[in-house]
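Below: one structure, written as structure tokens.
Protein chains in written order, with the numbering used here: chain V, 92 to 109; chain Y, 444 to 659.
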């Protein structure tokens, strides 16, 4: 089965865009 | 104060001096049950309100155009995504983010991101990012969090939608017994998003696989 690194995904969700 | 008055709930916080019959006492410690209780009533105890504290801090961070995550990661020399108490506090202090907080507010912050003796700084950075996104999306219905009906067809839209959700994804994934040390199967990930109100479109699932798949 496909294994995901959820931390990397969360890094991209919670970006710093200010 | 000069005139005696009845105590109010928010008189009770760390560092405050309260007077009983003319004898002054300073609150230097609070037990876990009292803190748990206060944190459940953030309207009455604003110093125990994580969202308020993070919100104030977020304004500071944004005003200073600060990206705090890399600072914490540099302090996290073992790349564990958490820090011990001393390093967590010294990193916060180093960024001058605790200067405007009193002892109670610092304690609230620390308790919120503490698990066992680890301080999950990534989850604090996530919350700052979430609060910022939520604030900037206020009044623009298109980015407001939605219910099940609309499914984002692009990964970018999905991520923005996930970001404004109140749910703390990284924390949720970390605490779920079906994930292991930062890893999860795509099927479980999909299930967890869905459980918390985010249905993934096939195209998004595909893109997540392409972007975030690792060797088992």
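Even for Gly, the Cβ is constructed at its ideal location relative to N, Cα and C.
Within-9 Å CB hit, residue i to chain V
| i | result |
| --- | --- |
| residue 564(Y) | no |
| residue 626(Y) | yes |
| residue 456(Y) | no |
| residue 493(Y) | no |
| residue 510(Y) | yes |
| residue 541(Y) | no |
| residue 656(Y) | yes |
Identified DSSP bridge partners for residue i
| i | result |
| --- | --- |
| residue 105(V) | Beta-bridge pairing links residue 105(V) to no other residue. |
| residue 558(Y) | 561(Y) |
| residue 520(Y) | Beta-bridge pairing links residue 520(Y) to no other residue. |
| residue 647(Y) | DSSP, once it has assigned bridges, lists no residue as partnering residue 647(Y). |
Boundaries of the alpha helix (DSSP H) in which residue i is found, first to last residue
| i | result |
| --- | --- |
| residue 569(Y) | 564-579 |
| residue 95(V) | No alpha helix (DSSP H) contains residue 95(V), which is instead part of the beta strand (DSSP E) from 94-96. |
| residue 461(Y) | Residue 461(Y) -> not in any alpha helix (DSSP H); beta strand (DSSP E) instead, spanning 460-463. |
| residue 467(Y) | No alpha helix (DSSP H) holds residue 467(Y); the beta strand (DSSP E) holding it covers 466-469. |
| residue 450(Y) | Neither: residue 450(Y) is in no alpha helix (DSSP H) and is coded neither H nor E. |
| residue 597(Y) | No alpha helix (DSSP H) contains residue 597(Y), which DSSP labels as neither H nor E. |
| residue 611(Y) | Here residue 611(Y) belongs to no alpha helix (DSSP H), and DSSP marks it neither H nor E. |
Test: residue i CB closer than 9 Å to a CB of chain Y
| i | result |
| --- | --- |
| residue 108(V) | yes |
CB-CB length for residue i against residue j, believed under 8 Å
| i | j | result |
| --- | --- | --- |
| residue 514(Y) | residue 534(Y) | 6 Å |
Residue span of the beta strand (DSSP E) that contains residue i, given as start and end
| i | result |
| --- | --- |
| residue 622(Y) | Run containing residue 622(Y): none; DSSP gives neither H nor E here. |
Per-residue DSSP class, three states only, for residue i
| i | result |
| --- | --- |
| residue 548(Y) | helix |
| residue 509(Y) | coil |
| residue 633(Y) | helix |
| residue 628(Y) | strand |
heavy atom of the ligand FAD below 8 Å from residue i C-beta
| i | result |
| --- | --- |
| residue 616(Y) | This structure lacks the ligand FAD, and indeed carries no ligand of any kind. |
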